[in-house]
Amino acid sequence: MALSLRGERIWDPFGGSGTTALEALLLGRNAISTDANPLATLITKVKCSSLSPEQRTELSSMISRIKTLELTPDVGKLLSRIGERTSRKIPAIPNLFEWFSQSAIEELLYIRDEIDTVRDANCQRFALVAFSSIVLAASYQDAETRYARRPRVLRPGYILGLFARALEDSVRKHEPLEVLLGYRQALVEIADIRSIAERDLIERESVDLIVTSPPYANSNDYHLYHRFRLFWLGHDPREFGKCEIGSHLRHQRQGEGYDLYEKEMSQALGQMLSRLRPGRYAAFVLGDSVFEGKTISTSDAIARIGEKIGYETVGTIERKVHTSRRSFMPAARRAKTEQILLLRKPPRRLVLSFQPPSYKMWPYERELRRREIASLFGIKPRSTQGDNLVARLDCYQVDKARRLTFTRSIQAAAGTPRWLTWQKLLENGDSENARKDPKYLTHGIHAYKGKFYPQLAKSLLNLADLKPGASVLDPFCGSGTVLLEAQLNGYAATGLDLNPLAVLISKAKVAVATESAVVMDRVVKDFCDRIIQDRSSKNDLEYFKPELQAEIERWFPLPVACRLGWLLQMIQRVPHPTTGLVLQVLLSSVVRQISQQAPEDLRVRRRKKLIDDAPALDLIRARINFFRERLRHFGERMSCAPVVMRPGHVVQGDSRLPFTFQDLSTTQFDCILTSPPYATALPYIDTDRLSLLLLFGMDSVTRARIEESLTGSREIRERQRRELEKSDRGQIRGTPRIGNSCAHHSQDTFTQQWGDRRIS
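And the structure:
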């Protein structure tokens with residue numbers, strides 16, 4: 000993948016079983032795989048997808064049912080009765096009973112019918128791949144590569160057990176791959192490369208790199224060796240056989256030699272060229288062909304054809320083929336080497352049109368948009384109709400355009416594809432949703448007053464024109480908006496804040512972006528399942544320190560206080576640290592709704608009408624489900640991410656004090672982006688005092704000390720107020736004003752309390 004960048008589109012037009020597609024996804028690319036073989040595309044779809052917790056449950060249920068039936072006495076008689084209902088699904092295999100016994104047909108029909116009842120498409124595909132893997136074992140075909148009849152007797156229920164174990168093994172063995180894959184997906188379609196334009200599957204000049212291994216000429220016959228599998232999956236192998244490039248049987252039946260192969264590959268190369276972006280590469284893994292005892296260099300032939308239709312030949316690399324990797328067909332088995340042929344579509348300059356977001360922009364956002372384009376490309380774009388901006392650029396500069404914030408897509412010319420920006424994909428995916436979304440990924444994990452909105456932070460980072468991996472500092476990071484945006488754009492983010500809750504939210508936000516979405520989804524789902532039933536009791540109040548219990552019972556109805564103690568204990572047992580952080584933040588986000596605090600008030604003021612109970616478990620489960628939706632959406636988009644997500648670093652400490660920076664892993668930063676507190680800041684500590692009480696065990700005295708230490712705090716204690724008033728009266732009488740400002744007084748209080756060390 001050295002010829003592509005992260006998030007770019009890789010296409011394998013002879014996708015086979017999905018090797019290129021899977022490797023592209025694992026390397027952070029956006030993958031497309033097409034193949035004329037329906038079985039190959041089915042395997043690719045399964046290989047390049049992950050199972051959600053719900054999907055695993057559904058497949059486990061199917062496995063259990065099939066295993067139970069296998070062990071049922073008189074399973075043969077039972078299936079014969081069921082067979083009356085499923086007989087309409089018997090595939091149209093010529094000479095069916097010469098290749099399958101009656102009992103094998105009944106068991107295969109039952110399994111196929113069970114699979115058809117599964118509504119989830121991904122579950123169906125996993126089950127169908129397992130089903131196809133046992134078809135030959137259920138038949139009289141001699142071997143995988145030997146199309147000969149060898150009758151054998153199979154005990155009743157044997158095929159059922161074979162399927163159950165195959166599906167169970169498939170799901171189990173796929174699990175480690177899912178951890179790496181996340182929820183990234185490839186576009187996989189059944190398609191004959193020669194007629195790809197008729198299907199309109201891939202837009203013209205939209206592919207960044209082609210990596211493929213075309214069929215060897217006069218070599219394999221996939222339609223023959225997968226004949227029974229294709230029939231049982233609902234496909235006709237004879238139709239596939241008519242279009243299989245390089246088929247040994249086709250060359251024999253049509254009486255054509257290497258000319259047929261060159262003709263068909265010329266058509267294929269033409270289709271690839273039309274889909275490839277200017278200046279981009281196509282890599283072909285090729286092997287020599289044998290016709291009438293003569294060896295023909297396929298790489299030379301493909302290079303000659305490519306140059307004739309418009310490619311440039313970059314070069315050829317030869318590699319040895321391991322003996323265990325050679326084809327099972329005699330015509331190809333003798334090949335000892337393969338060639339990697341590299342072709343390129345000639346580069347050219349492009350006139351790019353930058354389309355604005357679907358939502359209405361503010362005047363300052365329009366100005367930021369212009370400045371972003373000018374900063375990234377070193378040009379001043381000109382305006383066209385509406386908010387469209389146009390610039391003439393080198394074809395290689397398109398890659399930078401994906402970083403733009405207030406641009407949803409870039410288009411080279413009318414009728415050519417639009418490349419969606421990373422911001423557009425993060426917010427709305429590839430839909431035409433007109434809504435500005437400030438809550439993608441973890442931005443909406445917790446309400447936080449007065450925070451940055453993400454699009455502004457990203458646009459300012461773009462204006463800084465930082466290099467990949469640059470370090471960004473936010474010394475007043477709040478809930479972590481700048482930190483997450485820095486991560487999503489490939490920078491190393493560090494944040495500081497004095498508010499413990501803000502630090503917790505920030506840590507959760509930045510931790511999620513570098514985790515496997517699949518792993519987190521499973522752990523969160525497991526936690527959600529474990530709190531469906533309320534198992535709290537009065538004993539759970541003992542989770543809280545004795546000195547805090549009076550305040551907790553004052554602000555929470557007793558049943559709610561017990562549930563909170565139980566939930567916090569459950570969260571402590573979660574084995575995944577990042578999930579534990581997220582669950583604490585999600586719990587904090589519902590605290591107002593389940594407390595005696597008036598929900599609409601920034602201050603902690605009691606409700607006019609107190610509540611006796613609140614649906615704490617329902618609310619936290621709803622928040623968990625919201626988080627899972629955002630997590631899945633982000634996981635699916637990760638194959639389009641143009642950057643590597645780097646871990647974030649969040650520290651609780653005072654950015655005014657030098658010692659706060661001493662233990663940071665980075666002390667030199669490429670960019671500082673922050674929104675400092677206003678001179679009379681919002682009462683953050685008082686607003687979130689209930690979360691600080693529950694999650695950190697902070698009593699009122701500790702909270703007050705932190706409140707005093709905040710920059711811009713407008714909280715003045717009674718003693719301070721009297722001193723300031725006395726000072727003012729003295730100044731009016733002509734006496735010089737004495738005493739520190741509020742900010743300096745707060746700093747002195749903070750230093751006395753904590754000394755020369757960080758809050759951690």
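Taking numbering that gives the first Met the number 0, the leading residue of the sequence shown gets 0, the next gets one more, and so forth.
For every residue, glycine included, the Cβ atom is placed at its ideal position computed from N, Cα and C.
Only counting the same chain, and skipping five residues up and downstream in sequence, which positions put a Cβ closer than 7 Å to that of residue i?
i, result
"Leu127", "Leu41, Ile114, Leu232"
"Tyr257", "Ala216, Ser288, Phe290, Ile295"
"Ile158", "Ala103, Glu106, Leu107, Ile133, Ala137"
Whose C-alpha, out of the options, is nearest the C-alpha of residue i?
i, options, result
"Gly468", "Leu460, Leu455, Ala491", "Ala491"
"Glu202", "Gln410, Tyr447, Asp168, Leu691", "Gln410"
"Glu97", "Leu4, Arg148, Glu57", "Arg148"
"Gly278", "Ile209, Gly15, Pro474", "Ile209"
"Arg55", "Lys76, Glu177, Val74, Ala142", "Glu177"
"Arg111", "Met644, Ile623, Leu229", "Leu229"
"Ser478", "Arg154, Lys466, Thr493, Asn488", "Thr493"
"Ser458", "Thr420, Ala91, Tyr447, His445", "Thr420"
"Glu426", "His445, Gln454, Arg417", "Gln454"
"Val518", "Arg303, Ala35, Pro576", "Pro576"
"Asp235", "Ile671, Leu38, Ala703, Thr578", "Leu38"
"Asn461", "Ser408, Ile372, Cys476, Ser536", "Ile372"
"Ser374", "Glu707, Met697, Asp464", "Asp464"
"Arg343", "Ala281, Ala1, Ala615", "Ala281"
Over the uninterrupted alpha helix (DSSP H) stretch that includes residue i, give me the two end residues.
i, result
"Asn29", "From DSSP, Asn29 is part of no alpha helix (DSSP H) but of the beta strand (DSSP E) over 29–34."
"Pro676", "Premise fails: Pro676 is in no alpha helix (DSSP H) and is neither H nor E."
"Glu311", "Premise fails: Glu311 lies in the beta strand (DSSP E), 311–319, not in any alpha helix (DSSP H)."
"Phe526", "516–529"
"Leu108", "101–115"
"His632", "615–636"
"Ile189", "Looking at the DSSP string, Ile189 is not in any alpha helix (DSSP H); the run it does join, the beta strand (DSSP E), is 186–189."
"Gly579", "576–588"
Check whether the Cβ of residue i lies closer than 7 Å to any heavy atom of the ligand NAD, and answer yes or no.
i, result
"Asp617", "Judged by which ligands are present, the structure shown has none, so any question about the ligand NAD falls away."
What's the call for residue i, buried or exposed, on a 16-neighbour Cβ count within 10 Å?
i, result
"Ala137", "buried"
"Tyr452", "exposed"
"Thr734", "Reliability of the predicted coordinates at Thr734 is poor, the pLDDT of 43 falling under 50, and the value obtained from them is presented with this limitation in mind. With fewer than 16 Cβ atoms within 10 Å of its Cβ, Thr734 is classed as exposed."
"Asp393", "exposed"
"Lys423", "buried"
"Arg332", "Because the pLDDT of Arg332 is 43, which lies under 50, any placement of that residue in the model is unreliable, and the number read from its coordinates should be weighed accordingly. Classification of Arg332: exposed, given that the 10 Å Cβ count is below 16."
"Glu317", "exposed"
"Phe658", "exposed"
"Ala165", "buried"
"Ile192", "buried"
"Thr336", "exposed"
"Leu487", "buried"
"Pro474", "buried"
Once DSSP output is grouped into helix, strand and coil, what is the label at residue i?
i, result
"Leu777", "Since the first and last residues shown for the chain are 0 and 759, residue 777 lies out of range."
"Lys508", "helix"
"Thr480", "helix"
"Leu135", "coil"
"Leu4", "coil"
"Ile9", "strand"
"Glu364", "helix"
"Asp662", "coil"
"Gln592", "helix"
"Cys741", "Residue confidence is low: Cys741 scores 37 on pLDDT, short of 50, so the model does not pin down where it sits. Its coordinate-derived value is still stated next. Three-state result, Cys741: helix."
"Leu689", "helix"
Suppose the cutoff is 6 Å on Cβ atoms and the five residues either side in sequence are ignored; what does the same chain contact list for residue i look like?
i, result
"Thr18", "none"
"Gly634", "Gly181, Tyr182, Ala516"
"Trp10", "Ile31, Val206, Ile209"
"Gly738", "In this prediction, Gly738 has a pLDDT of 36, which is less than 50 and means its spatial position is unreliable; nothing more can be read from the coordinates."
"Val590", "Leu689, Ser690"
"Phe555", "Ser594"
Which residues mark the beginning and the end of the beta strand (DSSP E) in which residue i is found?
i, result
"Tyr280", "275–285"
"Lys293", "293–295"
"Asp398", "Counting along the chain, Asp398 falls outside any beta strand (DSSP E), though it belongs to the alpha helix (DSSP H) covering 397–400."
"Gln651", "648–651"
"Ile158", "Careful: Ile158 lies outside any beta strand (DSSP E), inside the alpha helix (DSSP H) at 157–180."
"Trp418", "417–419"
"Leu709", "Leu709 -> no beta strand (DSSP E), and no H or E assigned at all."
"Leu208", "206–211"
Leaving out five residues before and five after residue i in sequence, what residues of the same chain have Cβ atoms less than 8 Å from its Cβ?
i, result
"Leu70", "Gly156"
"Arg636", "Leu424, Leu425, Gly428"
"Gly27", "Arg5, Gly6, Met637, Ser638, Ala640, Val643"
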